[in-house]
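Visitor:
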Amino acid sequence: MQLRVRALETILTEKGYVDPAALDLLIEMYEKKIGPRNGARVVAKAWLDPQFRQWLFEDAAAAVDSLGYGGNKSEHLIALENTPAVHNLVVCTLCSCYPWSLLGLPPVWYKSAPYRSRAVADPRGVLREFGVELPKNSEIRVWDSTSEIRYLVVPMRPAATDGWSEERLADLVTRESMIGTGLPKQIAEVAR
Amino acid sequence: MNGAADMGGMHGFGSVQIESNEPVFHADWERRIFALNNAVGASGVWTLDAFRQTRESISPPEYLALSYYALWVVSLENLMIEHGLATANEIAVGRSLGPANPVAAKASAAAIAQMIALGTPYDRPPPAPARFKAGDRVRAKNMHPKTHTRLPRYVRGHAGVVIRVDGCHVFPDSNAIGRGDDPHWLYTVRFDGRELWGENSDPTANVSIAAWELYLEPL
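As given, the protein sequences belong to chains A and B, one line each in that order.
Position one of the first sequence corresponds to residue 3 (the numbering used here), numbered consecutively onward.
Position one of the second sequence corresponds to residue 6 (the numbering used here), numbered consecutively onward.
1) Measure from the alpha carbon of N83(B) to the alpha carbon of each residue in L10(A), T176(A), G184(A) and V192(A), then state which is nearest.
2) As a quick exercise: from P134(B), G140(B), V29(B) and G99(B), pick the residue whose alpha carbon is nearest that of L224(B).
3) Grab the span of the alpha helix (DSSP H) containing Y74(B) for me, first residue to last.
4) I want to see whether chain A comes within less than 8 Å of D21(B), judged by CB atoms only; does it?
5) By the criterion of Cβ-Cβ separation under 8 Å, what are the contact partners of N273(B) in chain A?
6) On the three-state DSSP scale, how would you describe W57(A)?
7) Does any CB atom of chain A fall closer than 8 Å to the CB of P157(B)?
8) Which residues, in order along the stretch 131-143 of chain A, keep a beta-carbon less than 8 Å from a beta-carbon of chain B?
9) For a cutoff of 8 Å on Cβ pairs, would you count K151(B) as touching chain A?
10) Give the residues from the stretch 114-131 of chain B that approach chain A closer than 8 Å (Cβ to any Cβ), ordered along the chain.
11) Rounded C-beta distance between K111(B) and G18(A)? I'm assuming under 8 Å.
12) Using 10 angstroms around the beta-carbon of S167(A), count the other beta-carbons present and answer buried if the total reaches 16, otherwise exposed.
13) Does D171(B) come within less than 8 Å of chain A when only Cβ atoms are used?
14) Hey, would you say T12(A) sits closer than 8 Å to R100(B), going by beta carbons?
15) Taking 7 Å as the limit between beta carbons, can you name the residues of its chain near L104(A), skipping five residues before and five after?
16) Can you tell me which of the three DSSP states D26(A) falls into?
17) Nearest to E169(A) by CA position, among L27(A), T15(A), K47(A) and R8(A), is which residue?
18) Span of the beta strand (DSSP E) holding Y153(A)?
19) Please state the DSSP three-state secondary structure of L102(B).
20) If we define contact as Cβ-Cβ less than 8 Å, is G182(A) a contact residue for chain B?
21) Mind checking which residues open and close the beta strand (DSSP E) that includes I168(B)?
22) Measure the beta-carbon distance from L79(A) to A121(A) and round it to whole angstroms, keeping in mind my assumption that it falls under 8 Å.
23) Could you have a look at T193(B) and say whether DSSP puts it in helix, strand or coil?
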């Protein structure tokens, strides 16, 4: 694959179809700058600020844009609220749609056949493989990303975090908790 | 199309393999193909939906045997040939053997920076009023186009409920095959898990998809 990709890059740059500086920028941005920390800041703010939380559920794209986390692959965004009665889980069965500007590029498992095939048909079984066991009666809402709408799960705020700063709360918000395959870290996990 | 990409509900792939402390890229060629595809894509030679269609068109045995970014490599090769950016011979020898095709516009680093920051909205002014509203019962059409569609097989023929109207968006089935934006209304439709997977499936689960108006019929 290394050689095949080098061939494509050589042809595309020799013919002037791509700007090498644009390639460097894309790699720099998505490997180093844009990642799940963006989404974690959004979730932490939603935990702290009721007005922002309401805005996020009414118009997620505008709300995240106000924090500078809008843009590519989150142009149309819906925030999904986890509650004691409802758990949300996001998948793209057809490929790999994912809110890049909030979570960065998707992990391999998200793009893999086991996840794409089973998240819609056996969400509890998939969650168990991530170590998540939900109450028997909680509703599981699976969201298949079949359009340019992207989804951000807003998990429940962990107990005993009253008075925590936004920064400290953001440390509890994992990538998986914003996809729905995980829960936020509990305070015992970060105290270690 | 009914290709290997449309995986919802398939059996036999095993458990989800989760890698701890996963890097963004696992090899340098993944980094390069990611950037190349996005840079050429941003130049507008082909659409995002055409890129998806090209990936889905890879034959099922080959699709299932390739890693995610390897699918991008095959797709970029195919698209470059199809759109006249390179010949099969040039790809085989790994360098350009003739002049560039003048139709392609290059995306500059500044244009890429703007795309990353501002995104590329897919909503469009509606050509007609929306046919459905929240609460309407609908059925996903039993349709099997041989070209790109975003209506997964596992919902086709099944009944669901419109839970929100999401505006009017570029229609991927048209956009993928060079027919332009062709905007249509988009809806979030929720299907009960038992409607999709049978009466013995999890009664607490449901699945929502975003479905364009042409994918739906009233119930």
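For each residue, glycine too, the CB sits at the ideal point set by N, CA and C.
Guide: In brief:
1) Residue numbering aside, residue 83(B) sits at position 78 when the second sequence is read from its first letter. If you compare the alpha carbons of L10(A), T176(A), G184(A) and V192(A) with that of N83(B), the shortest gap goes to L10(A).
2) For the purposes of this step, residue 224(B) is identified with residue 219 of the second sequence, where counting begins at 1. Ranking the options by Cα distance to L224(B), first place goes to G140(B).
3) Locating residue 74(B) in the second sequence gives position 69, where the first residue counts as 1. Counting along the chain, the alpha helix (DSSP H) containing Y74(B) begins and ends at Y73 to E87.
4) Along the second sequence, one-based indexing puts residue 21(B) at 16. Reading the sequence as shown, one finds Val at residue 21(B) and not Asp. When Cβ-Cβ separations below 8 Å define contact, V21(B) makes contact with chain A.
5) For chain B, the structure presents residues 6 to 224; residue 273(B) sits outside this window and is missing.
6) Translated into positions along the first sequence, residue 57(A) becomes position 55. In the structure shown, W57(A) sits in a helix (DSSP, three-state: H, G or I).
7) Here residue 157(B) refers to the residue found at position 152 when the second sequence is read from its first residue. It does: the Cβ of P157(B) has a partner Cβ on chain A nearer than 8 Å.
8) Listed by position along the chain: E131, F132, K138, N139, S140, E141, I142 and R143.
9) Locating residue 151(B) in the second sequence gives position 146, where the first residue counts as 1. Chain A contact via Cβ: absent.
10) Correct list: A114, A116, I117, A118, M120, I121, A122, L123, G124, T125, P126, Y127 and D128.
11) Position 106 of the second sequence, counting from 1, holds the residue named residue 111(B). Position 16 of the first sequence, counting from 1, holds the residue named residue 18(A). Sure, about 6 Å apart at Cβ, within 8 Å.
12) In the first sequence, counting from the first residue as 1, residue 167(A) sits at position 165. With fewer than 16 Cβ atoms within 10 Å of its Cβ, S167(A) is classed as exposed.
13) Along the second sequence, one-based indexing puts residue 171(B) at 166. So yes, D171(B) belongs to the interface.
14) Along the first sequence, read from residue 1 onward, the residue named residue 12(A) stands at position 10. Along the second sequence, read from residue 1 onward, the residue named residue 100(B) stands at position 95. Remark: C-beta atoms of T12(A) and R100(B) approach each other more closely than 8 Å.
15) Working through the first sequence from its first residue, we reach residue 104(A) at position 102. Within the same chain, L104(A) has close Cβ partners N40, G41, V44, V66, Y71, S76 and L154.
16) Within the first sequence, the letter at position 24 stands for residue 26(A). In this structure, D26(A) counts as helix in the three-state DSSP scheme.
17) As a working note, residue 169(A) is residue 167 in the first sequence. Looking at the Cα atoms, K47(A) is the closest of the given residues.
18) In the first sequence, counting from the first residue as 1, residue 153(A) sits at position 151. Residues I151 to V156.
19) Counting from one through the second sequence, the residue named residue 102(B) turns up at place 97. In this structure, DSSP gives L102(B) a state outside helix and strand, which the three-state scheme calls coil.
20) In the first sequence, the residue the question calls residue 182(A) occupies position 180. No, its Cβ sits nowhere closer than 8 Å to a Cβ of chain B.
21) The residue given as residue 168(B) occupies position 163 in the second sequence. Run containing I168(B): A164 to H174, per the beta strand (DSSP E) assignment.
22) As a working note, residue 79(A) is residue 77 in the first sequence. As a working note, residue 121(A) is residue 119 in the first sequence. Contact flag wrong, Cβ pair sits at about 20 Å.
23) Within the second sequence, the letter at position 188 stands for residue 193(B). Correct three-state label for T193(B): strand.
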